[in-house]
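Chains as they are written, first to last, in our numbering: chain D, 240 to 386; chain P, -12 to 878. Note that CB positions come from ideal geometry on N, CA and C, so glycine has one too. Just so we're clear, the structure is a prediction, and the values are computed from it rather than from any experiment.
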Amino acid sequence: MTLETEVQALRQVPMFREIDPARLKLLAFTSERVMFSAGQHVFAQGDPSDAAYVLLQGKADVVIETPNGPLRVAQLAANDLLGEMGILSDAPRSASIVADGDVTALRIDKRVFLELLGQFPQMSVAVMRELAKRLERTNAKLAALSA
Amino acid sequence: MDKSLFRYIWKHSRRDQLVIFAVVFAQLPFYFWSLELPKRIVNEAISGNAFKNGKETARALDFGFTLPSFLGGSKIVLFEGFEFERVGFLFALSGLFLALVLVNGGFKYWINVAKGALGERMLRRMRFDLVSIALRFTPDTLRRVKPSETATMVKDEVEPIGGFIGDAFVQPLFLGTQALTAMTFIMVQNAWLGLIAGSIVAIQFAVIPRLRRVQIRLGRQRQLASRQLAGRVAEIVDGMEAVHVHNATRWERAEIGHRLHHLFDLRFRIYKWKFMVKFLNNLLAQITPFLFYAVGGYLALQGQLDIGQLVAVIAAYKDLPPPLKELIDWDQQRLDVQVKYEQVLEQFSPDTLIPLEIQDPKAVVDGPLPGPLAIEDLSIYDQHGPLIEGLSLAAGLPVHMALVGDGPAPSVLARALSRRVTGLTGRIAFGEADLLRMTDAAAGRHIAYAGTDPILFPGTVRDNLVYGLRRAPRPVKDMPVDRRRLMEAQRTGNPEDDPTLDWLDYEAVDATGPHDLDARLIEALELVGMRGDLYQLGLLGYIDAATPEEDIARFIEARRKLEARFEGMEKGRLLETFDPGRYTRQATIGENILFGAPRTGSASPAALAEDPLVREALDDTDLTDDLVSLGLKIAREMTEIFRDLPPGHPLFDQFSFIAADDIPDFTAMLRRIGMKGERALKAGERGRLIALTLGYVEPRHRLGLVDGAMEERLLQARTRFRELAGEDGPVAFHDPEALNLAVSLKDNLLFGRITHGVADAERKVMHEVMEVVAELDLKEAVERIGLGYRVGPSGRLLSAAQRIKVNLARCVVRRPDLLVVDGATTALGESEGMKVLKRIVEARPAASLVAVVRESATDTFDMVVRFDGTQATVEDRARGRERGVQEVAAQ
């Protein structure tokens, strides 16, 4: 796998879809490809948020620690972005991510990511737009629930 | 040292000077003779005066002298000589002349060598004296002395003084007599010509020194200015952090530029004067022959002077200006050097020096530090006022005393107890011995001081730890005595101690040799809480000649065990092991070609790209053009990816192959290539592109540049490089069966590269290393290598906490009777500091400890001195307890 394939993967991520390909290449180049073995934590609930990840290969479980033990709440697959909320809000990890089989992910360092957002307003706008969309969806869901 | 340079020289080199004087006088007759002889050759042999009146033969090579008339005027013949016919007579005299030239040359050679030796010896003595004086500077003086200026003075400024010393007495004597001889000779030939020569000389002596005085004044200013420049440069380098933090580079540049201009101006003016004087000198020297030809020729025509005399006079005059010029030079040098000497001396004449007897190197120290400690009415002042006033206390040894309080007083008392403070009234005594009158040897043996600002010397951790144990050279039996070295030392007032011998006092730390000593050092580092760091330093360190064979064998065993472990973990993808026949994907292309490490010098991609052997290997395997093309691809990608980041952006430094400064170069290069093709590349540019490629790691940079076929070809380059470099050449190659002395212990143990992009790989790998090291009982071996870690200038390669710990361990290791810890443990953090102090006390409960600590950390102490401003109250917990016990007993 080369940088090109990573750029392709990043383009599949809604948050990055509208970003200029040259920027995505910079994002990919400054990110690190990381391999996880089955059962290994990508990160654990409560850890400080130091990076976001884009899954390139394999599947990973989202696990929440409950008083009754760990609870699997979702599964993530290739091209999914994870941990991005934590690095934007500076909050600790709200869930654990555990590799389900071998996983390859692109690790986007928090500092580098924020650096790029600061440098390129277009990227910030793309991220804001995605966040706004999510908020809208959540509002819609809330409205549906309360109706 | 003497105030006057000449007295200083005379005092220390009288004998040598007198010997040289004698030789100078001895050579004078020969010199005069060599002046006289040409006249005889011309008049008697060539003009034939000796063969007048039909004489067939003449006598030559006779040797004798005529007594002065008051001794009877008779001629004493020492050797009769031979009779010669005319041609023979000429050759005999000419041969004699040649012999005299050789004799005079021989004399000159001997005198020069003797003068040189004399000067060098005095230079050695003077430098040594200066450093000796510097070693006696009191702490107060040291605060005002700039180290770099002191260094320039000892190194550079005394150098010309040394060069002059050989000439100081001999030169004026030698040249003066020579000039006088020549003058006398001319006078004897013809008084008029003598007068002409004499008056020109007089003019030279009158005018030129005056001109030169200006030159000297400028020279003095130059000396001061360059010394200050050296001081300033050192200040900037030492304070680089502050310069950057406060963005003062522009000001510093301007300041240095200003100084350099001042220096240039001085130097230029000196040049102008110098050549002006030279011009005048030459002019005067040239005018004289003119007068000789004109006046002497006229006198010859008139018959008042024969041709032989004229030739001899001109020959003699040829010898006159050089000694005169040198004599004037000497005079100038004298003034110059005297000024230099006075200026240097001024810097080395502080009001107070530590008395010599306190530093007696042969002082004997026996027994422990006597008790009790008594401080009587101690007051310490500095220029701002009192620091401590009227402190009295007494304590039996051993005492564990805490010094507490805000302000400087606790630290000042700690410094006073270790003799780091001089301006004090009152008395500090151990038993009968006054602390200030103790010899350095005794105080150094008994008392150790660890401050917050540790002074480490460049060298290894071990060198720093044993610094306090270097007590006396250990004589080696049957070691050949270097008599010359000893004799020179005696002649120059230098010490006869040989620093290359083993100076360590093993007995003082219950060790029998270096191996034991290392164990003591490791113990000391454990006490101060640095053993973990030492292990890490060991992994970063290099195996050296001192590493025992069995350790090396076990390190290789550890490597095998690790390899087996890693194969079984995470599908063997934690680490990629080096294999001579396989491309290491996790390493750079450069590392793959080298497959080893240079024994000296750098293995950076840029250095490799310039290395002729690497380039030859690439050429031989037809890879050069490919690597240049790959370099172009990398450059293209990098300039594209980083195009929109402003230069100096942190992401550049972290990720880009190309330094931000070089981006414009590469952009321009790429544009040109785009138009003209790769042939437009210059040789230097090809090198830079190859350097880019050599730093490339496929799994890390992921540009898809290296495929299987390329790996094969790079392996060929590796093989070719190995052939070219040879097994014992500049590169130490990786060998699965042997350790590589040119790479760190960690690299040796791993024998491979940690895979890029395996989550948490580094931590897991190092954990395995730790386990295997423990399993094979290699921990101490690793720590020994850690002791060999080089700490850099002032220990800058260590962290601040590590420096403090090494300094503390250095004090602990020599087992002082009193350890003074002045805030060193506070700097380590309160709980860590407390633990360290507790461990130190537990390790040697019979030794005393005085520590500056916070109030909350006084639990382990049996005496607490609390300062409130300059006044102190003393809480003696030990006596309190004792009294308590007695009271209980009385009930």
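Item checked: residue 598 (chain P) - DSSP class collapsed to helix/strand/coil -> The residue labelled residue 598 (chain P) in the question sits at position 611 within the second sequence. Under the three-state reduction of DSSP output, residue 598 (chain P) falls in the coil class, being neither helix nor strand.
*Bridge partners of residue 890 (chain P), per DSSP?*
Outside the shown range of chain P, which is -12 to 878, sits residue 890 (chain P), and nothing can be said about it.
inquiry  = Here's the rule: buried if 16 or more other CB atoms are within 10 angstroms of the residue's CB, otherwise exposed. What is residue 238 (chain P)?
reply    = Mapped onto the second sequence, residue 238 (chain P) falls at position 251. The residue is exposed, with fewer than 16 neighbouring Cβ atoms inside 10 Å.
task = Could you name the residues of chain P that residue 241 (chain D) contacts, counting a contact when the two beta carbons are closer than 8 Å?
result = The count along the first sequence starts at 1 and reaches residue 241 (chain D) at position 2. Chain P residues near residue 241 (chain D): 689, 690, 691.
Quiz item: What are the boundary residues of the beta strand (DSSP E) that residue 276 (chain P) is part of?
Solution: As a first step, residue 276 (chain P) is located in the second sequence; it is residue number 289 there, counting from the start. Looking at the DSSP string, residue 276 (chain P) is not in any beta strand (DSSP E); the run it does join, the alpha helix (DSSP H), is 236 to 278.
### Query
alpha helix (DSSP H) containing residue 405 (chain P): first to last residue?
For this step, residue 405 (chain P) is matched to residue 418 along the second sequence. The continuous stretches of alpha helix (DSSP H) do not include residue 405 (chain P), and DSSP gives it neither H nor E.
Can you tell me which of P:271, P:319, P:118 puts its alpha carbon nearest to the alpha carbon of residue 142 (chain P)? In the second sequence, counting from the first residue as 1, residue 142 (chain P) sits at position 155. For the residues P:271, P:319, P:118, the minimum Cα distance to residue 142 (chain P) belongs to P:118.
- Query: Does any residue of chain D bring its CB to less than 9 Å from the CB of residue 875 (chain P)?
  - Reply: Along the second sequence, read from residue 1 onward, the residue named residue 875 (chain P) stands at position 888. Summary for residue 875 (chain P): the model assigns pLDDT 38, below 50, so the residue's position carries little reliability, and this model does not support an answer.
> Does DSSP classify residue 785 (chain P) as helix, strand or coil?
Replying inline: The residue given as residue 785 (chain P) occupies position 798 in the second sequence. Here residue 785 (chain P) sits in coil by DSSP.
Tell me the start and end of each unbroken alpha helix (DSSP H) in the region 418 to 489 of chain P that is at least 4 residues and wholly inside, in chain order. The DSSP assignment places complete alpha helix (DSSP H) segments of no fewer than 4 residues inside the region 418 to 489 of chain P at 427 to 433, 448 to 452, 470 to 478, in order along the chain.
Please tell me whether residue 275 (chain D) has its Cβ less than 9 Å away from any Cβ of chain P.
Translated into positions along the first sequence, residue 275 (chain D) becomes position 36. Answer yes: the Cβ-Cβ gap between residue 275 (chain D) and chain P drops below 9 Å somewhere.
Name the chain P residues that come within less than 7 Å of residue 351 (chain D), Cβ to Cβ? Within the first sequence, residue 351 (chain D) is the residue found at index 112, counting from 1. Within chain P, the residues whose beta carbon sits less than 7 Å from that of residue 351 (chain D) are 638, listed in sequence order.
_Neighbour list for residue 284 (chain D) in chain P, Cβ cutoff strictly below 9 Å_ = Against the first sequence, residue 284 (chain D) aligns to sequence position 45. Chain P residues near residue 284 (chain D): none, gap ~17 Å exceeds 9 Å.
Next on the checklist: For a test of the three-state rule: what should DSSP assign to residue 848 (chain P), helix, strand or coil?
Outcome noted: Taking the first residue of the second sequence as position 1, residue 848 (chain P) is located at position 861. Coil, per DSSP.
- Task: Go through the region 50 to 138 of chain P residue by residue and report every complete run of the alpha helix (DSSP H) that reaches 4 residues or more, in order.
- Result: Runs of alpha helix (DSSP H) with 4 or more residues, each lying fully within the region 50 to 138 of chain P, are found at 73 to 122, 126 to 131, listed in chain order.
Check: If we ignore side chains and look at the alpha-carbon of each, how far apart do residue 277 (chain P) and residue 34 (chain P) end up?
Finding: Along the second sequence, read from residue 1 onward, the residue named residue 277 (chain P) stands at position 290. Along the second sequence, read from residue 1 onward, the residue named residue 34 (chain P) stands at position 47. So the two alpha carbons sit approximately 25 Å from each other.
(Q) Need the endpoints of the alpha helix (DSSP H) that residue 366 (chain D) sits in, please. (A) Position 127 of the first sequence, counted from the start, is the residue given in the question as residue 366 (chain D). Here the alpha helix (DSSP H) through residue 366 (chain D) covers 360 to 385.
Exercise. For residue 261 (chain D), which residues in chain P fall below 8 Å Cβ to Cβ?
Worked result: As a first step, residue 261 (chain D) must be located in the first sequence, where it is residue number 22. Within 8 Å of the CB of residue 261 (chain D), the CB atoms of chain P belong to 627, 628, 630, 631, in sequence order along the chain.
Based on DSSP bridge pairs, tell me the residues matched to residue 329 (chain D).
Here residue 329 (chain D) refers to the residue found at position 90 when the first sequence is read from its first residue. Looking at the DSSP output, residue 329 (chain D) bridges to nothing.
**Q.** Residue from P:390, P:569, P:718 with nearest C-alpha to residue 846 (chain P)
**A.** Here residue 846 (chain P) refers to the residue found at position 859 of the second sequence. Out of P:390, P:569, P:718, P:390 has the C-alpha closest to the C-alpha of residue 846 (chain P).
task = Would you mind reading off the limits of the beta strand (DSSP E) that contains residue 373 (chain P)?
result = As a working mapping, residue 373 (chain P) is identified with position 386 in the second sequence. Per DSSP, residue 373 (chain P) belongs to the beta strand (DSSP E) from 372 to 382.
- Message: Give me the residue from P:498, P:137, P:315 with the minimum Cα distance to residue 881 (chain P).
- Response: Lying outside -12 to 878, the shown extent of chain P, residue 881 (chain P) is not represented and no answer is given.
Cβ pair residue 605 (chain P), residue 716 (chain P) closer than 9 Å: The residue labelled residue 605 (chain P) in the question sits at position 618 within the second sequence. The residue labelled residue 716 (chain P) in the question sits at position 729 within the second sequence. With contacts defined as CB atoms closer than 9 Å, residue 605 (chain P) and residue 716 (chain P) fail to qualify as a contacting pair.
Q) Looking at C-beta atoms only, is the number of pairs between the region 744 to 758 of chain P and the region 427 to 438 of chain P that lie closer than 8 Å three or more? A) The region 744 to 758 of chain P makes no contact with the region 427 to 438 of chain P, as fewer than three CB pairs between them are under 8 Å.
Since residue 38 (chain P) and residue 45 (chain P) are thought to touch, with beta carbons under 8 Å apart, how far apart are those beta carbons, to the nearest angstrom? Stepping through the second sequence from its first residue, residue 38 (chain P) is reached at position 51. Stepping through the second sequence from its first residue, residue 45 (chain P) is reached at position 58. So it is a contact: roughly 6 Å between Cβ atoms.
Practice task
Excluding the 5 residues preceding and the 5 following residue 177 (chain P) in the sequence, name in chain order all residues of the same chain whose CB lies nearer than 6 Å to its CB.
Solution key: Here the question's residue 177 (chain P) lines up with position 190 in the second sequence. Around residue 177 (chain P), the same chain offers 292 as residues with beta carbons nearer than 6 Å, after the five sequence neighbours per side are excluded.
| said: With a threshold of 9 Å between beta carbons, is residue 560 (chain P) in contact with chain D? | reply: Residue numbering aside, residue 560 (chain P) sits at position 573 when the second sequence is read from its first letter. Answer yes: the Cβ-Cβ gap between residue 560 (chain P) and chain D drops below 9 Å somewhere.
- Since residue 557 (chain P) meets chain D, which of its residues come closer than 7 Å, beta carbon to beta carbon? Walking along the second sequence from the start, residue 557 (chain P) turns up at place 570. Ordered by position in chain D, the residues that pass the 7 Å Cβ test against residue 557 (chain P) are 276.
Practice prompt. Please say whether residue 793 (chain P) and residue 451 (chain P) have beta carbons closer to each other than 9 Å?
Written response: The residue given as residue 451 (chain P) occupies position 464 in the second sequence. The residue given as residue 793 (chain P) occupies position 806 in the second sequence. Contact flag set, yes.
| request: Say whether chain P places a C-beta atom closer than 9 Å to the C-beta of residue 381 (chain D). | output: Counting from 1 along the first sequence, the entry for residue 381 (chain D) is found at position 142. No, its Cβ sits nowhere closer than 9 Å to a Cβ of chain P.
Taking CB distances under 9 Å as the criterion, tell me whether residue 264 (chain D) reaches chain P. Stepping through the first sequence from its first residue, residue 264 (chain D) is reached at position 25. For residue 264 (chain D), the nearest beta carbon of chain P is closer than 9 Å to its own beta carbon.
Practice problem: Compute the distance between the beta-carbons of residue 726 (chain P) and residue 543 (chain P), then report whether it is under 9 Å. | Solution: The count along the second sequence starts at 1 and reaches residue 726 (chain P) at position 739. The count along the second sequence starts at 1 and reaches residue 543 (chain P) at position 556. Yes, they are a contact pair.
For this session: Write down every uninterrupted run of the beta strand (DSSP E) in the region 564 to 590 of chain P whose length is 3 residues or greater and which is fully enclosed by it, in chain order.
Result: Whole beta strand (DSSP E) segments, 3+ residues: 583 to 585.
query = So is residue 66 (chain P) buried or exposed if we call it buried at 16+ other beta carbons inside 10 Å?
reply = By one-based count along the second sequence, residue 66 (chain P) stands at place 79. Burial call: exposed.
request  = Starting from the Cα of residue 324 (chain P), find the closest Cα among P:367, P:148, P:654 and give me that residue.
outcome  = As a first step, residue 324 (chain P) is located in the second sequence; it is residue number 337 there, counting from the start. Taking only the C-alpha atoms, the option nearest residue 324 (chain P) is P:148.
Residues of chain P with CB under 9 Å from residue 272 (chain D), in chain order?
As a first step, residue 272 (chain D) is located in the first sequence; it is residue number 33 there, counting from the start. The contacting residues are 686, 687, 689, 743, 744.
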